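Residue numbers (the numbering used here), protein chains in the order written: chain A, 3 to 278; chain B, 3 to 278; chain C, 3 to 278; chain D, 3 to 278; chain E, 3 to 278.
A virtual CB, placed ideally from N, CA and C, is assigned to each residue, including glycine.
Here the structure is a predicted model, which means the values were calculated and not measured.
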């Protein structure tokens, strides 16, 4: 950002006082370079938004499948106290999964809820959310034996687990796939080209106007690109992030309601985003 | 809106009478800023439309799955009076669900139909539509025990419930996800930049023409952006909304027809949208 | 259309003989307004095409699911004369469904085939295609009892019925969702603005050329928008429609072939569209 | 193409020698008409590419589902010589299906492989690929009775047949849906308008340059549109086609490998496309 | 690239010293040709990115389905040492599959892991990944007989195999489908046209500026197109590739964790891409 302003000032003064002051480049050419840049930025903006939106859609699916998982477990287990106990255990574990996924995507230290869960379970893993799905799977195997569960029902619950596993993998994909750097390089290069051409096209203007314009216009492009950069990585602990902690809290409360337990989290109205 | 007209007048008069009257900025530059703005607006318009259309698609899926749910319950229950009674109960409950979902998305007070349903059922929840799906699930568990339902059939009805739960979650996602404010800010900023540049590019025109143009052109951009804002939040109790009440009424009538009951709602031809 | 030509002539003559004849608006500004309009039209064109194509895709799915339904019924029923009779009945009913859906989407009077089907069945409904799916469902329930059908197979046929129900709901959604009028209004307004600005930018041309241009250019935009309007509602009994009658005939013949019956419709080569 | 060059020459000479030689139309207007045309062409190009790509995706799905079908039949039949014989029969029939589908989409005469299959089976149909799926279905019914196949497995194989039926229907949809002619007409009209306007905007150029430009620029647009036309119909026996014969051969070899038979086709490296 | 610079120099000098030095082509026309080129490049860029992203999505699905496969095998086999042995065998085989797929897509020699697997199994195939899926299928058939597996469970595992088979087919489709060459040809042709027109529009500039511009601007377009070419084929052993080896290693470690084995690969932080 700062580098760009310096460059703009430099280019502008060069144009005036340097040996290049007789040179003038038609504005049509400059505005044509701007059109190319605009189209590249439009592509960039739209792809970044797609990533951000996909992240949100995936977490929407996590909300739905979490509810469905617990509802199915409750529905398919025998309608007894033991069956309900299994459902409650699934609900608690699924709540932990949501927090664990959010935290590992943001590469944060795990919260107390998650670490105490793993301490209790006596297992550990580099990929904690995946380990929790394995625990779900083991618990399902145990419940199948205990209650002689019909295979159809076991398969249906397993299918929901597979969908959760899919959502987890999609988050990892978005997190780990770098947006092709070549496009950033091209866009930056075009902004510099534009900044170099611009002063030569404004020859006949007053110096003040010329300098303001050579600063404002590239700044606009930079702003658009920065916004795209913020949007494209939605799991980086930034205000534009997918609100994973918020969602995890809401999910956990709903899961508790499904199995007839009181809510465990207090939901605050979302504020962070608007501050931006 | 008003602020913008004032700003335009101010910028225009400054240009004429102020110390800046010798300054002129080439129109090519202005129209180039306009191209950037156009591309951003095209992106904005298209994303808002996608949200609006997705909302409509989700409610279309709710129509279909509601019908399918009741049809399946009727088909899979024993073809007796008791089986039909269960199907009728599902149909009624599903009708309430549609209204409850629409009202909670619009953050309206719940209608009599919904409140009386919850009064009768003796339960309550912050997320009423989700609670009704739990009731469906409980009723399915009860019917499975009562009629010794084949697990295959139970699983199939459960899959339809899972799809309804998905649609509900998608509506919540659209409702709760704020469109990235950064883009609105950028667009507003670009409109102001354009308004400031425009008068300097029209120097040699008559004052009247200049002022009209500096008002009309930004007004056009504002109008396009406002339309996008209206479209992007389709559950806000506005004429451009997804017609959820209308759809809920139609769904309820069709459900009643499937279980052989007379229609309960009178459908009026949709008028609201055209008034806009 | 005519209104627009009149307006163009009016605006053109005003420009020449009226008090505004000294006024001239730079062409760059006009062509910039045209860029905004082009982007809006590009959005409009692309969304209308999407609707048209989606309608075609949905009817493609109806073709496939109709075939699959009858094939499944034939496959899952016992391989006896009675089983085949059920499949034939399904084939006939599904044929009627295709015609009923096409006709009710176009809001036409129902054809003899459909009315005689409902006369025979002794039922009636405001939503005839949905009623026929209910009949399918009832026939499936009856066949299940008669042949002690395995629940797995019943569920599979039911899933195909659910897909047909989905396709029906998608057609209804496309039919009943008005394309946001706000965009039409904006586009029309922009065309008028363009027509008003255009003559002032062509000041130095001969009168004849000026008038032809102020007519031809807006006419082009109108033509593009009209095409979009034709495409966006693909069930309106127009030559650009989804060819539903043609498709229904083809479907019915194929269904008859599957159950070993002779074709019932004569397929004519599609001609209507090319006339346009 | 030729007509257009003639028209360009005519328009150009008219401009020079005719009575219109005093008329000059600003180039800004011409280039603005060109922008509209570009956007329409961009839309056209992108939609044609989508159709071409969808055709390729559908054939990709056919590859996958063919493999899956034979693998499933082999897996679900008893692991005996008789079970394997059924799988081999399915593999051979599925190979024929791929060829039959490709040939009927291209409206070619059927190859020996297909005609000899139908001669042997003693059946015939106007829609040969659909008839082969019916044969699959009949063979599945027979095998179910012979081996007392579990309904679950039968249903799973049937689901793969339904997906193949879907892919077939999608190919038919792409084949039979004409791209809306209105857009071609608009594009051609715009090219003519552009060619008429262009010479008047180049008044002050040498005659040679003017004529070359009035030929080259419309020729470019025509070339872009022609490419779109080639892409939009991917089953027309042209070098840009989906390589269906090549794919059918590969599929058949893989199917043979799955059931433990030697390959039946020699695959040549694809060359046709690069010749273009 | 070099050819283009030479051409630019040639065209530039021709313009100055040749007989064409009186000819001048308006810059508006040139920038209009540039607009067409920009739109084609925008289309090209966006389609290439789609292919690259689809490749990444498919490998994301492979990650998920690999985990799901092993988890399901472990869940559905009896919870005994023998059951676990089968799951371990599946985990190992699935690990090999990931490497085999990556290597055959890149047309590399197979690694030791893969060749030793095939040496042990005593089979071979031109399409190694497909052969491994067949081995999965055979092992599933054997386990079904050994443990009297419920058909429901067998079918569910088979469905996961079918999804893996789909992902494999999608990779092959992306690998084998050449991006339509016609568009590359058009884009190159347009770049040459632009380079030829450009010097004639810059007549009144200093020679140095003119030559730099005629080199820089086409170079930009070439750079954008080259980036698109790199992105469109994501399995070519280039730094912009889908990181298949990295992914295969991660998958194998996770699979080992699921069946309770120690990790077999050391994961290095991804570096290659950033070098670009």
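Each residue's CA atom was taken as its position, placing residue 231/E and residue 243/D some 21 Å apart. Chain-order list of chain E residues neighbouring residue 109/A: empty, with the shortest C-beta distance near 13 Å, by a criterion of under 8 Å. If you compare the alpha carbons of 129/A, 80/A and 49/A with that of residue 226/A, the shortest gap goes to 49/A. For the pair of segments examined, the region 49–62 of chain B was found not to touch the region 144–155 of chain B: the number of CB pairs separated by less than 8 Å stays below three. The C-beta separation of residue 73/C from residue 260/C comes to about 6 Å, placing the pair in contact by the 8 Å criterion.
In this structure, the straight-line span from the alpha carbon of residue 195/A to that of residue 45/C is close to 31 Å. Shown here, residue 125/D sits in coil according to DSSP, grouped into three states, outside any helix or strand.
Neighbours of residue 171/A in chain B, taken as residues at a C-beta separation under 7 Å, are lacking, since the least C-beta distance is about 18 Å. Rounded to whole angstroms, residue 61/C and residue 170/C show a C-alpha spacing of 9 Å. Annotated three-state conformation of residue 131/B is helix, per DSSP. Restricting attention to 78/A, 178/A and 131/A, the CA atom closest to the CA of residue 102/A is found in 131/A. With respect to residue 66/E, residue 168/A sits close: the two C-beta atoms are nearer than 8 Å. As for any alpha helix (DSSP H) of minimum length 4 sitting wholly inside the region 53–105 of chain B, there is none. For residue 165/B, the uninterrupted alpha helix (DSSP H) segment begins and ends at 153–178.
Linking residue 79/A to residue 70/A through their CA atoms gives a straight-line distance of about 14 Å. Contact annotation for residue 164/D against chain C: 70 [CB-CB distance below 7 Å, chain order]. Apart from the 5 residues on each side of it in sequence, residue 99/D sits with its Cβ closer than 6 Å to the Cβ of 131 and 134 in its chain, given in chain order. For a Cβ distance threshold of 9 Å, nothing in chain B lies close to residue 267/A: the least Cβ distance comes to about 12 Å. At a cut-off of 8 Å, the C-beta of residue 226/B has a neighbouring C-beta in chain C. Within the same chain, and ignoring the five residues on either side of residue 163/E in sequence, the residues whose Cβ sits closer than 8 Å to its Cβ are 71, 135, 138, 139 and 142. With fewer than 16 other beta carbons inside 10 angstroms of its own, residue 87/A counts as exposed. At a Cβ-Cβ threshold of 8 Å, residue 126/E and residue 158/D do not count as neighbours. For residue 259/C, the uninterrupted alpha helix (DSSP H) segment begins and ends at 246–260. When DSSP states are grouped into helix, strand and coil, residue 137/B belongs to the helix group. Shortest Cα-Cα distance from residue 222/E to any of 246/A, 192/A and 197/A involves 192/A. When the five nearest sequence neighbours on each side are left out, the beta carbons in the same chain lying within less than 6 Å of the beta carbon of residue 236/B are those of 54, 57, 243 and 244, in order along the chain.
Using a Cβ distance threshold of 8 Å, residue 34/A and residue 33/E count as a contacting pair. Excluding sequence positions up to five before and after residue 63/B, its CB lies within less than 6 Å of the CB of 169, all in the same chain and listed in chain order. With 16 or more other Cβ atoms from the protein chains shown falling within 10 Å of its own Cβ, residue 253/C counts as buried. Shown here, residue 263/E sits in coil according to DSSP, grouped into three states, outside any helix or strand.
Residues of chain C with a Cβ closer than 7 Å to the Cβ of residue 152/B are, in chain order, 153. Residue 62/D reaches chain E at 171, 172, 174 and 175, counting residues in chain order whose Cβ is nearer than 8 Å.
With contacts defined by Cβ atoms closer than 8 Å, residue 250/E and residue 36/E do not form a contacting pair.
One finds 182 in chain A with Cβ atoms closer than 7 Å to the Cβ of residue 233/E, taken in chain order. Rounded to the nearest angstrom, the Cβ distance from residue 177/B to residue 107/B is 5 Å, consistent with a contact under 8 Å.
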